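Engineer:
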Amino acid sequence: MQTLAQAQQQFDLKNYIQSQLHGTANALNAYTECCGRHVGQNKVALIWQAKNNQQQTWSFEQLATASAQLANYFTSLGIQKGQRIAGLLPRTPELLITILATWRIGAVYQPLFTAFESKAIEHRIESADTQLIVTHIEQRAKLDRLEMNHILTVDAKRDDKNIDADFWTTVHAQPTEQQPVTLSFTDDFLMMFTSGTTGLAKSVAVPLKALLAFKGYMQYALDLREQDSFWNLADPGWAYGLYYGIAGPLALGHRIILDERNFSVDHALETIEKYQVSNLAGSPTAFRMFFGYKEKFKPKIAQHLRVVSSAGEPLTPEVIHWFKQDLGVDIFDQYGQTELGMVIANHHGLAHPKKVGSAGFAIPGHRFAVLNQHDQEVAPGEIGTLALDWSQSPLFWFKGYGGNNRQSFVGNYYITGDTVRLNQQGAIEFVGRADDVITTSGYRVGPFDVESTLLECQEVLESAVVGKPDPERTEIVKAFVVLKHDYRASPALQDKLQQYVRQRLSKHVYPREIEFVSHLPKTSSGKIQRNLLKQQEIAKLEQLKQVG
587 MQTLAQAQQQ
597 FDLKNYIQSQ
607 LHGTANALNA
617 YTECCGRHVG
627 QNKVALIWQA
637 KNNQQQTWSF
647 EQLATASAQL
657 ANYFTSLGIQ
667 KGQRIAGLLP
677 RTPELLITIL
687 ATWRIGAVYQ
697 PLFTAFESKA
707 IEHRIESADT
717 QLIVTHIEQR
727 AKLDRLEMNH
737 ILTVDAKRDD
747 KNIDADFWTT
757 VHAQPTEQQP
767 VTLSFTDDFL
777 MMFTSGTTGL
787 AKSVAVPLKA
797 LLAFKGYMQY
807 ALDLREQDSF
817 WNLADPGWAY
827 GLYYGIAGPL
837 ALGHRIILDE
847 RNFSVDHALE
857 TIEKYQVSNL
867 AGSPTAFRMF
877 FGYKEKFKPK
887 IAQHLRVVSS
897 AGEPLTPEVI
907 HWFKQDLGVD
917 IFDQYGQTEL
927 GMVIANHHGL
937 AHPKKVGSAG
947 FAIPGHRFAV
957 LNQHDQEVAP
967 GEIGTLALDW
977 SQSPLFWFKG
987 YGGNNRQSFV
997 GNYYITGDTV
1007 RLNQQGAIEF
1017 VGRADDVITT
1027 SGYRVGPFDV
1037 ESTLLECQEV
1047 LESAVVGKPD
1057 PERTEIVKAF
1067 VVLKHDYRAS
1077 PALQDKLQQY
1087 VRQRLSKHVY
1097 PREIEFVSHL
1107 PKTSSGKIQR
1117 NLLKQQEIAK
1127 LEQLKQVG
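Quick note: the numbering used here has the sequence shown finishing at residue 1134, numbered continuously throughout.
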């Protein structure tokens, strides 16, 4: 096996482009890389597990035809390269066809997580100036308040309230040929959003250069091999599922699995066994749930499960040891952000020292640094803020939020906002988060979204939201609420506020706990000190442990 040091020393961007891309840095199309170049090889591109337990397989040839037809419909509406097309769709073939068709015409695909409610969707659509939304009839009601010229709906019902075009009726009426639009490395092909603490979710445009980085992660960190049966558990409404559950594997000509069913341990085990998954990726939340139901894991799973990868937050040692001892498979921590893709890993495909609790080393094509308060790199053993040295990272692609990088860059460094320790081996170990973003069940939640939604309620005067440590979800969303003088705290009011946030944002964002307080801690300038509230929650948990 090649060592990490060898791969890093030998990495050359020009050679990597020539070896990995069908096109060049100045003549590139994401559809061609992820589908078109594989047509004629008679390979399965997609296995779809439907909610009704039916299964479909799609070849690259079938996806090429359907995406060409949909692309022709998009162009008939006047949609041009660089414009945004959003998908509010479950994990179905229509989702993949929409993504590929968007890329064919040089447009930018924008994912919308199906658990989002109207407010979260409206913000993203308005911020991105989205031209068209492809959705499913089950999701359609969330778009009623939007002023959109074009909505294409799977299983559309044509009546007085809904005059959308139907997805398949429209697709089948279009020509089956469409020439992909040529773009360059710097042109965008994805429009993502990431949560922050000082405002609503921020836009992150992803240029085509990122495809190279996606492939590098699949090859070096996941060690994805041609003979592997690969499954990424993450939802493609989020970065990890879209980057590495769709774009990355398809760019390597590898089939993907989309399971439309809601996640459960039983469903996941059924899929792993049915398709003899050998290479599995997902979030620590899913793997902690596996550990909680470890008696369900039959010995025969160990016969085909080769490697497992986890991204989102650090794994617990118990989970790591269980995978190794009971299933005989290595599960490795890896690190990334929506803004970066995956950049640090314990690599399955490269040899290097591996330590439980460490996120690992930089993926070839990247260089990280740990900075002190003076933005100077620290020595091994010291703690600081994790940063990416873009000047020495040829696969680095982040342009800044909304194209503005002033707040996230210092000199040659992109500042991640995560606090880490640089260990003696040169790998990173997490200490905590320098910002207030909440990680719950693998999702990153910005407190501002929840706080502003609570303030829409007539009873609420002020609110502050933090992540409360939780053994199952990493953190849960907890809200501290100051009521207006005319209102009194009660269980009924708590339930009302929770349901309001759940309906306006999404199921994973609503505060699972609400504490009514008389005031919130603030700085002299009036800024809410969420860090003090979170410290109080951590102290309470420590006291409970000591009592127990």
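We treat Cβ as the ideally placed atom computed from N, Cα and C, and that holds for glycine.
As the structure is a computational prediction, the values presented were derived from the model and not from experiment.
Run through the segment 1006 to 1086 for me and flag every whole beta strand (DSSP E) of 3 or more residues, listed as ranges in chain order.
Structural biologist: Taking only runs of at least 3 residues, the beta strand (DSSP E) segments lying wholly in the segment 1006 to 1086 are 1014 to 1019, 1024 to 1026, 1029 to 1031, 1046 to 1056, 1060 to 1069.
Engineer: Evaluate the contact criterion for the segment 1058 to 1068 versus the segment 665 to 682: three or more CB pairs, one atom per stretch, below 8 Å.
Structural biologist: Segments in contact, no.
Engineer: Out of A796, L1083, G878, F1102, which one is the CA nearest neighbour of R1059?
Structural biologist: Start at 1 with the first residue of the sequence shown, and residue 1059 comes out as number 473. Ranking A796, L1083, G878, F1102 by Cα distance to R1059 puts G878 first.
Engineer: State whether the segment 1000 to 1012 contacts the segment 757 to 771, with contact taken as three or more CB pairs (one from each stretch) at a distance under 8 Å.
Structural biologist: Flag = no, the segment 1000 to 1012 and the segment 757 to 771 do not touch.
Engineer: Assuming A825 contacts S869 under a Cβ cut-off of 8 Å, what Cβ separation, rounded to an integer in Å, is found between them?
Structural biologist: In the sequence shown, the residue the question calls residue 825 occupies position 239. In the sequence shown, the residue the question calls residue 869 occupies position 283. Contact doesn't hold; Cβ gap of about 12 Å is too wide.
Engineer: Give the straight-line distance between the Cα atoms of F1102 and L936, rounded to the nearest whole angstrom.
Structural biologist: Translated into the one-based positions of the sequence shown, residue 1102 becomes position 516. Translated into the one-based positions of the sequence shown, residue 936 becomes position 350. Cα-Cα distance, rounded: 51 Å.
Engineer: So, for F702: in the same chain, excluding its five sequence neighbours on each side, which residues have a beta-carbon less than 6 Å away from its beta-carbon?
Structural biologist: Taking the sequence shown and counting its residues from 1, the one referred to as residue 702 is at position 116. The answer, listed in chain order, is S1092.
Engineer: On the three-state DSSP scale, how would you describe S1110?
Structural biologist: What you label residue 1110 is simply residue 524 of the sequence shown in a count that begins at 1. Only weak support exists for where S1110 lies, its pLDDT of 44 falling under 50; the coordinates are left without a value.
Engineer: List the residues that DSSP assigns as beta-bridge partners of Q923.
Structural biologist: For this step, residue 923 is matched to residue 337 along the sequence shown. Answer is G927.
Engineer: For the putative contact between Y803 and M928, defined by C-beta atoms under 8 Å, what is the C-beta separation to the nearest angstrom?
Structural biologist: As a position in the sequence shown, residue 803 is number 217, starting the count at 1. As a position in the sequence shown, residue 928 is number 342, starting the count at 1. Contact flag correct, Cβ pair sits at about 4 Å.
Engineer: Grab the span of the alpha helix (DSSP H) containing F800 for me, first residue to last.
Structural biologist: The residue you call residue 800 lines up with position 214 of the sequence shown. 796 to 802 is the span of the alpha helix (DSSP H), which, as asked, contains F800.
Engineer: Is it the case that the Cβ atoms of I1100 and Q1080 are separated by a distance below 8 Å?
Structural biologist: Here residue 1100 corresponds to residue number 514 of the sequence shown, with the count starting at 1. Here residue 1080 corresponds to residue number 494 of the sequence shown, with the count starting at 1. In contact: I1100 and Q1080 (Cβ atoms closer than 8 Å).
Engineer: For the putative contact between Y987 and K728, defined by C-beta atoms under 8 Å, what is the C-beta separation to the nearest angstrom?
Structural biologist: By 1-based counting over the sequence shown, the position of residue 987 is 401. By 1-based counting over the sequence shown, the position of residue 728 is 142. Not confirmed; about 25 Å, so no contact.
Engineer: In the DSSP output, which residue or residues are listed as bridge partners for G673?
Structural biologist: Translated into the one-based positions of the sequence shown, residue 673 becomes position 87. According to DSSP, which records beta bridges pairwise, G673 is partnered with P697, V720.
Engineer: Select from G1053, A965, Q642 the residue whose C-alpha is nearest the C-alpha of L1127.
Structural biologist: Sequence index remark: in the sequence shown, residue 1127 carries index 541 (1-based). Here the closest residue by C-alpha is G1053.
Engineer: Hey, could you find the ends of the alpha helix (DSSP H) W754 is sitting in?
Structural biologist: Within the sequence shown, numbered from 1, the residue matching residue 754 stands at position 168. 753 to 758 is the extent of the alpha helix (DSSP H) around W754.
Engineer: Output yes or no for whether 8 Å exceeds the beta carbon distance between I685 and R841.
Structural biologist: Start at 1 with the first residue of the sequence shown, and residue 685 comes out as number 99. Start at 1 with the first residue of the sequence shown, and residue 841 comes out as number 255. The answer is no: Cβ separation not under 8 Å.
Engineer: Report yes if the CB atom of A955 is closer than 8 Å to the CB atom of Y999, and no otherwise.
Structural biologist: Position 369 of the sequence shown, counting from 1, holds the residue named residue 955. Position 413 of the sequence shown, counting from 1, holds the residue named residue 999. Yes. Within cutoff.
Engineer: Check whether the Cβ atoms of A693 and R710 sit closer than 8 Å, and answer yes or no.
Structural biologist: Counting from one through the sequence shown, the residue named residue 693 turns up at place 107. Counting from one through the sequence shown, the residue named residue 710 turns up at place 124. Contact: no.
Engineer: Which residues does DSSP pair with P822 in a beta bridge?
Structural biologist: Position 236 of the sequence shown holds residue 822. The partner list for P822 (beta bridge, DSSP) is empty, contrary to what the question assumes.
Engineer: Work out the CA separation of C621 and G834 for me, nearest whole Å.
Structural biologist: Counting from 1 along the sequence shown, the entry for residue 834 is found at position 248. Counting from 1 along the sequence shown, the entry for residue 621 is found at position 35. Roughly 11 Å separates the two Cα atoms.
Engineer: Can you tell me which of the three DSSP states K1131 falls into?
Structural biologist: Here the question's residue 1131 lines up with position 545 in the sequence shown. Helix.
Engineer: What do you get for V1133, buried or exposed, if any count of 16 or more other CB atoms within 10 angstroms of its CB means buried?
Structural biologist: Here the question's residue 1133 lines up with position 547 in the sequence shown. Label assigned to V1133: exposed.
Engineer: So S896 is in the beta strand (DSSP E); what residue range does that whole segment cover?
Structural biologist: Against the sequence shown, residue 896 aligns to sequence position 310. It spans 893 to 897 - the beta strand (DSSP E) in which S896 sits, taken as one unbroken run.
Engineer: If you run the structure through DSSP and keep just helix, strand and coil, what is T768?
Structural biologist: Stepping through the sequence shown from its first residue, residue 768 is reached at position 182. Looking at T768 - three-state DSSP - the assignment turns out to be coil, as it is neither helix nor strand.
Engineer: Apart from the five residues on each side of it in sequence, which residues of its chain come closer than 6 Å, Cβ to Cβ, to D961?
Structural biologist: As a working mapping, residue 961 is identified with position 375 in the sequence shown. Only V996 meet the Cβ criterion.
Engineer: Using only alpha-carbon positions, find the residue among T618, R1007, V740, D750 that is nearest to D730.
Structural biologist: Residue numbering aside, residue 730 sits at position 144 when the sequence shown is read from its first letter. Ranking T618, R1007, V740, D750 by Cα distance to D730 puts D750 first.
Engineer: Buried or exposed: where does R1074 fall if 16 or more other Cβ atoms within 10 Å of its Cβ makes it buried?
Structural biologist: Residue mapping note: residue 1074 aligns to position 488 of the sequence shown, counting from 1. Exposed.
Engineer: Taking the straight line between their C-alpha atoms, what separation do you get for Q717 and E733?
Structural biologist: Against the sequence shown, residue 717 aligns to sequence position 131. Against the sequence shown, residue 733 aligns to sequence position 147. Distance between the alpha carbons of Q717 and E733 is about 10 Å.
Engineer: Mapping the DSSP letters down to three states, classify S713 as helix, strand or coil.
Structural biologist: Residue mapping note: residue 713 aligns to position 127 of the sequence shown, counting from 1. Three-state result, S713: helix.
Engineer: For A593 and Q1122, what's the separation of their Cα atoms in angstroms?
Structural biologist: Translated into the one-based positions of the sequence shown, residue 593 becomes position 7. Translated into the one-based positions of the sequence shown, residue 1122 becomes position 536. About 45 Å.
Engineer: Closest to V1095 by CA distance: which of A1125, S1038, M875, F947 is it?
Structural biologist: Counted from its first residue, the sequence shown places residue 1095 at position 509. Taking only the C-alpha atoms, the option nearest V1095 is S1038.
Engineer: Out of K886, F982, N601, which has the shortest C-alpha to C-alpha gap to I930?
Structural biologist: Translated into positions along the sequence shown, residue 930 becomes position 344. Minimum Cα distance to I930 is reached at F982.
Engineer: Going by beta carbon distance, what residues of the same chain come within less than 8 Å of S645, once the five residues before and after it are set aside?
Structural biologist: Residue 645 sits at position 59 when you count from the first residue of the sequence shown. Closer than 8 Å at Cβ, skipping near neighbours: N628, K629, V630, A631.
Engineer: Using alpha carbons as the reference points, say which of S662, P980, T721 lies closest to N601.
Structural biologist: Taking the sequence shown and counting its residues from 1, the one referred to as residue 601 is at position 15. Cα-wise, what sits closest to N601 is P980.
Engineer: Taking a contact to mean a Cβ-Cβ separation below 8 Å, would you say W817 touches V863 in this structure?
Structural biologist: Residue 817 sits at position 231 when you count from the first residue of the sequence shown. Residue 863 sits at position 277 when you count from the first residue of the sequence shown. Yes. Within cutoff.
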